[in-house]
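Accompanying notes for the structure given below.
Numbering (my numbering), first residue to last: 3 to 104.
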């Protein structure tokens, strides 16, 4: 049985609370600083801005790349390098931005 989108969102919310990223709202606030699942939406943009190959982005997001699944097989090290460049390797990566929001 597959998880439904609301179940995945709830798991992510629980993780945010457990790790202390999310906390109780101040009295003058109505919303958290960012949406629960917004980080997944900006991941692709961060990768594109870091010049990660579109095929590598799809592989990192665990998407099928069609017939290229059979032919396009980058090494784990290459994917890791692309991932780290996109999310945290210099140039103001995503994790550095999240730290600024806290």
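We treat Cβ as the ideally placed atom computed from N, Cα and C, and that holds for glycine.
Assign residue 84 to one of three DSSP states: helix, strand, or coil.
-> Residue state, collapsed to three classes: helix.
Under 8 angstroms Cβ to Cβ from residue 11, same chain only, skipping five residues before and after it: list those, please.
-> Within its own chain, the residues whose Cβ lies closer than 8 angstroms to the Cβ of residue 11, once the five positions on either side in sequence are excluded, are 38 and 39, listed in chain order.
Count the other CB atoms, across all protein chains shown, that sit within 10 Å of the CB of residue 7; report buried if there are 16 or more and exposed otherwise.
-> Sixteen is the threshold: since fewer than 16 other Cβ atoms of the shown chains lie within 10 Å of the Cβ of residue 7, the residue is exposed.
Where do the ends of the alpha helix (DSSP H) carrying residue 20 lie?
-> Note, residue 20: alpha helix (DSSP H), 7-20.
Spatially closest choice to residue 48 from 5, 3 and 84, by CA coordinates | Of the listed residues, the one whose Cα sits closest to residue 48 is 84.
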